[in-house]
Amino acid sequence: MNRDTLQLNPVMQDLRSSVADLNTVNSWLGLLRFCSLGVVCLSLMVFAWWSPNLWGFVGYSAIAGFVYALWFICTHDATHHTLTGWNWFDEGLPRLISYPMLWMHGVYAQLHRLHHGWNGTNLHDPERVQWTVEEYQNASPWVQWYVRHQWEIDLFVLGGFGMIGKTLIKGWQLGEQIPAIRRSWFVDVMGIVLVQVSCFTWAILSNHLWRYLLFWLILERVIGSVIQARDHLEHYGMWSRAEGYQLTQLYSSRNLTVHPIVAWFVGGLNYHSIHHAFPSIPFDQLPKAFCRIQTVLEQHHLPPMTVGLGYVRETRRLSQQPLLIGAPDLSAASGRYQMVNPLTEIVKN
């Protein structure tokens, strides 16, 4: 163990002790969030299908898709068993709302655990959204064009299909080394097929096949844009490695300043650094944990965590300045860091 690690040990201890009392899950609060979003989403779907004209159908479906995206975010808490803390609920209910949209929740849960371990340290992170300089330079001109316009393409072109495809492929690839992922892959596929066969059977028998396909596509477009934006905002431009797991996660994830109501809707994921460093903290305790951890960092004369100015403003800002992950800087005094380079500089040179 080197001297730098010994010096950082008190930081790790203070960080962990500062939030040690914030790991209790309020089951009823999580259930309230899940059920209230679900009721609103399903009600909007009913309004859409009852609408006498196409514009009403499309409008209600689009709003339902936005609420569905917020409801869908609840499944993230469930992967950590911090939604309700009831294993049967956190394991079962997310699948019921994921399979209709072709989302492989079981595979995602397995990949997401790897993401928490590899973020900022291992480029094989299955949820890494940022390209490295080497990957960009070795890519074809078409892929390089995509990297330069990644935000627009991922959010508005690939959308939900892109996330589904990425999870499908990553799950299959990593399943070769991790049998649990391969088992989840097959279970999710069977569950999705069963749900989709039921939906299509109903649509055909009721003569609503084309209406159902349009409804599903509207949901996919809206949900995909929202979840892609959230996925990119949490880590884009933040890839870095510090000495110790907690510091790496605190500095390789982005927090966002939002209204408390918005924070409730997104399950506290605007405090993403805190969630990554301490995934067992439930969403209602993340604001308190954020204040305590910022205080600890200040006491140890360490930089504060990154805090962006809301989902919309940060999306606009980051989409206009593409970044790449550079080579490791092994000379950094406080540890090893992956430096982020502006893509415009690479293109210019």
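Be aware that the sequence shown starts at 220, since it is given in the working numbering, and climbs by one per residue. Built from N, CA and C at the ideal position, the CB exists for glycine as well.
State buried or exposed for residue i, treating a residue as buried only when at least 16 other CB atoms are found within 10 Å of its CB.
i: Asn357; result: exposed
i: Asp240; result: exposed
i: His520; result: exposed
i: Arg460; result: buried
i: Cys254; result: exposed
i: Cys510; result: exposed
i: His368; result: exposed
i: Pro229; result: exposed
i: Val441; result: buried
i: Ile480; result: exposed
i: Ala496; result: buried
i: Ala546; result: exposed
i: Ser417; result: exposed
i: Gly284; result: buried
i: Leu424; result: exposed
i: Asn398; result: Here the sequence assigns Pro to residue 398, which means Asn is not the residue at that position. The residue in question, Pro398, is exposed, as its Cβ has fewer than 16 Cβ neighbours within 10 Å.
i: Ser359; result: exposed
i: Gly275; result: exposed
i: Phe604; result: An answer regarding residue 604 cannot be provided, because it is not within the stretch 220 to 568 covered by the chain.
i: Asn474; result: buried
i: Thr514; result: exposed
i: Val485; result: buried
For the alpha helix (DSSP H) containing residue i, name the first residue and the last one.
i: Leu528; result: Unbroken run through Leu528: none, as it is neither H nor E.
i: Leu413; result: 398-424
i: Leu321; result: Here Leu321 belongs to no alpha helix (DSSP H), and DSSP marks it neither H nor E.
i: Pro360; result: 360-367
i: Ile500; result: Note, Ile500: premise wrong, no alpha helix (DSSP H); not H, not E.
i: Thr243; result: Note, Thr243: premise wrong, no alpha helix (DSSP H); not H, not E.
i: Met382; result: 378-394
i: Gly275; result: 273-298
i: Arg511; result: 505-518
i: Trp483; result: 479-484
Provide the residue(s) that pair with residue i in DSSP beta bridges, ordered along the chain.
i: Asn338; result: Answer by DSSP bridge pairing: none, since Asn338 is not bridged.
i: Tyr431; result: None; Tyr431 has no bridge partner.
i: Tyr490; result: Asn474
By Cβ distance below 6 Å, which residues in the same chain neighbour residue i in space, the five residues on each side in sequence not counted?
i: Leu505; result: Gly487, Tyr490, Ile493
i: Pro501; result: Val244, Thr301
i: Asp344; result: His334, Trp337, Asn338
i: Ile383; result: Leu321
i: Arg235; result: none
i: Leu428; result: Ala422
i: Gly431; result: Checking the sequence shown, residue 431 turns out to be Tyr, not Gly. Hits under 6 Å: Ala422.
Give every residue of the same chain whose Cβ lies closer than 8 Å to the Cβ of residue i, excluding the five residues on either side of it in the sequence, and list them in chain order.
i: Leu476; result: It should be noted that the sequence gives Thr, not Leu, for residue 476. The answer, listed in chain order, is Asn489, Val526, Gly527, Leu528, Gly529.
i: Ile400; result: Val326, Gln329, Leu330, Gly390, Leu393, Gly394
i: Ile372; result: Tyr365
i: Pro522; result: Tyr470, Leu516
i: Arg449; result: Ile292, Val485, Leu488, Tyr530
If I measure Cβ to Cβ from residue i and keep anything under 7 Å in the same chain, skipping five residues before and after, which residues do I get?
i: Tyr279; result: Leu263, Phe266, Ala267, Ser270
i: Gly378; result: Glu439, Arg440, Gly443, Ser444, Gln447
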